[in-house]
Amino acid sequence: MKISIQVNEGPYQHQSSDTAYQFTKAAIAAGHEIFRVFFYHDGVNNATKLAVPPQDDRHIPKLWSELATENNLDMVVCIAAAQRRGMMDVDEAKRQGFEDNNLIEGFRISGLGQLIEAGVESDRLVVFGA
Amino acid sequence: MAVKKFMYVNRKAPYGTVYALESLEVVLIGAAFDQDVSLAFIGDGVYELTKGQNTEAIGQKNFSPTYAALGDYDVTKIYVEKESLEERGLTLDDLQHLIWEDEDDDWAERDSIRLVSRAELADVMAEQEIILSF
Chain A
1 MKISIQVNEG PYQHQSSDTA YQFTKAAIAA GHEIFRVFFY HDGVNNATKL AVPPQDDRHI
61 PKLWSELATE NNLDMVVCIA AAQRRGMMDV DEAKRQGFED NNLIEGFRIS GLGQLIEAGV
121 ESDRLVVFGA
Chain B
131 MAVKKFMYVN RKAPYGTVYA LESLEVVLIG AAFDQDVSLA FIGDGVYELT KGQNTEAIGQ
191 KNFSPTYAAL GDYDVTKIYV EKESLEERGL TLDDLQHLIW EDEDDDWAER DSIRLVSRAE
251 LADVMAEQEI ILSF
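Read top to bottom, the protein sequences are chains A and B.
One point on numbering: in this note's numbering, the residue at position 126 of the first sequence is 126, and numbering is uninterrupted.
To convert, take the position in the second sequence, counting from 1, and add 130; that gives this note's numbering.
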């Protein structure tokens with residue numbers, strides 16, 4: 001089955017991101033195709049490369065990042081939600097005149113149309129959080 | 131692109147959290163994709179449609195006028211759950227009068243809001259292909 005995932009909450013505050021991660025991992029293991037993972041609302045904060053959680057805790061952005069690179073996942077951060085919350089990729093940081101960006105590898109920033117397209121193109125869109 | 135039945139379910143009050151505003155942003159962007167769109171307002175979500183909102187004292191933008199523009203985006207099916215209104219002491223008169231213009235009938239004005247019972251809304255939900263909940 002072709003599945004897309006929507007993540008609506010940030011890391012740590014809610015369990016939604018953890019659950020979405022576990023679900024995505026399990027779906028891949030079961031042989032399903034992940035069309036896209038879309039991060040919205042505070043979910044965009046899962047894409048930060050600046051998180052430094054305690055060593056005995058899970059590193060949520062890094063877990064997502066590794067899952068994306070290992071499985072060649074298309075993980076999209078909503079640009080409108082990202083701009084409000086200070087999430088920047090290299091191009092956007094440059095465009096806005098910031099010296100640094102904070103997007104971890106494996107994520108890209110794009111528009112809400114990517115969420116609608118994911119809904120249209122996938123057999124299931126599974127929403128976590130909110 | 132295939133056309134699917136999308137329903138956006140709005141469950142939160144308009145200002146305490148950002149969900150209502152960012153839900154509306156998805157609806158407006160999504161309208162460009164020519165999908166079969168419905169909106170549902172349940173629970174505290176019914177407060178999103180109340181008229182006469184004034185956000186001056188909380189220093190936030192009053193985005194409620196945007197709902198009146200939904201008709202222009204061809205978003206014409208807005209389901210409001212009757213029980214949710216009643217539980218909050220509200221009636222349809224407390225909500226904005228949302229309309230759309232029917233191009234097939236000389237642009238006659240039609241009501242966008244459909245007042246439905248909880249059971250009826252469940253049936254409408256069951257017909258949907260994509261449900262986005264905010």
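Every residue gets a Cβ at the ideal spot worked out from N, C-alpha and C, and that includes glycine.
Given residue i as reference, the closest of the options once Cα atoms are compared
{"i": "glutamate 99/A", "options": "Glu105/A, Val90/A, Phe107/A, Gly106/A", "result": "Val90/A"}
{"i": "leucine 67/A", "options": "Phe107/A, Gln13/A, Leu112/A", "result": "Phe107/A"}
{"i": "methionine 137/B", "options": "Gly219/B, Val205/B, Glu178/B", "result": "Val205/B"}
{"i": "isoleucine 243/B", "options": "Ala252/B, Glu257/B, Met255/B, Leu225/B", "result": "Leu225/B"}
{"i": "aspartate 149/B", "options": "Ala132/B, Val167/B, Tyr177/B, Ser168/B", "result": "Per the sequence presented here, residue 149/B reads as tyrosine, with aspartate not at that position. Comparing Cα positions, the closest option is Tyr177/B."}
{"i": "arginine 248/B", "options": "Lys142/B, Leu215/B, Leu222/B", "result": "Leu215/B"}
{"i": "isoleucine 188/B", "options": "Ala132/B, Thr147/B, Thr221/B, Tyr203/B", "result": "Thr147/B"}
Cβ distance (whole Å) where residue i is taken to contact residue j below 8 Å
{"i": "alanine 118/A", "j": "phenylalanine 23/A", "result": "The Cβ separation is near 15 Å, so there is no contact."}
{"i": "glycine 129/A", "j": "isoleucine 79/A", "result": "Contact flag wrong, Cβ pair sits at about 19 Å."}
{"i": "lysine 212/B", "j": "glutamine 165/B", "result": "Their Cβ separation, rounded to whole angstroms, is 26 Å, which puts lysine 212/B and glutamine 165/B out of contact at 8 Å."}
{"i": "glycine 43/A", "j": "serine 17/A", "result": "7 Å"}
{"i": "isoleucine 260/B", "j": "valine 139/B", "result": "About 11 Å; that fails the 8 Å criterion."}
{"i": "tyrosine 40/A", "j": "asparagine 8/A", "result": "5 Å"}
{"i": "isoleucine 104/A", "j": "alanine 47/A", "result": "6 Å"}
{"i": "leucine 169/B", "j": "valine 156/B", "result": "With 8 Å as the limit, leucine 169/B and valine 156/B do not qualify as a contact, their Cβ atoms being about 11 Å apart."}
Straight-line Cα distance separating residue j from residue i
{"i": "glutamate 231/B", "j": "leucine 245/B", "result": "19 Å"}
{"i": "aspartate 241/B", "j": "valine 210/B", "result": "12 Å"}
{"i": "glycine 182/B", "j": "glutamine 55/A", "result": "51 Å"}
{"i": "isoleucine 172/B", "j": "phenylalanine 38/A", "result": "25 Å"}
{"i": "alanine 82/A", "j": "aspartate 236/B", "result": "42 Å"}
{"i": "lysine 191/B", "j": "threonine 185/B", "result": "7 Å"}
{"i": "proline 144/B", "j": "lysine 25/A", "result": "34 Å"}
{"i": "aspartate 57/A", "j": "leucine 63/A", "result": "12 Å"}
{"i": "serine 65/A", "j": "histidine 59/A", "result": "10 Å"}
{"i": "phenylalanine 163/B", "j": "aspartate 74/A", "result": "20 Å"}
{"i": "leucine 50/A", "j": "methionine 88/A", "result": "12 Å"}
Residues from the segment 147 to 168 of chain B in contact with chain A, defined by Cβ distance under 8 Å: Cβ contacts with chain A come from Val148, Tyr149, Glu152, Glu155, Val156, Ile159, Gly160, Ala162, Phe163, Gln165.
Threshold first: 4 residues or longer. Then list the alpha helix (DSSP H) segments lying entirely within the segment 8 to 50 of chain A, N to C. Within the segment 8 to 50 of chain A, the runs of alpha helix (DSSP H) at least 4 residues long that lie entirely inside it are, in chain order, 16 to 29.
Which full runs of the beta strand (DSSP E) of 3+ residues lie inside the segment 59 to 93 of chain A, going along the chain? For the segment 59 to 93 of chain A, whole beta strand (DSSP E) runs of length 3 or above, ordered along the chain, are 75 to 78.
Closer than 9 Å between beta carbons: that is the criterion. Which residues of the segment 33 to 60 of chain A meet it against chain B? Here the close residues are Tyr40, His41, Asp42.
Taking beta-carbon pairs under 8 Å, can you tell me which members of the segment 206 to 221 of chain B lie near chain A? Answer in chain order: no residues at all.
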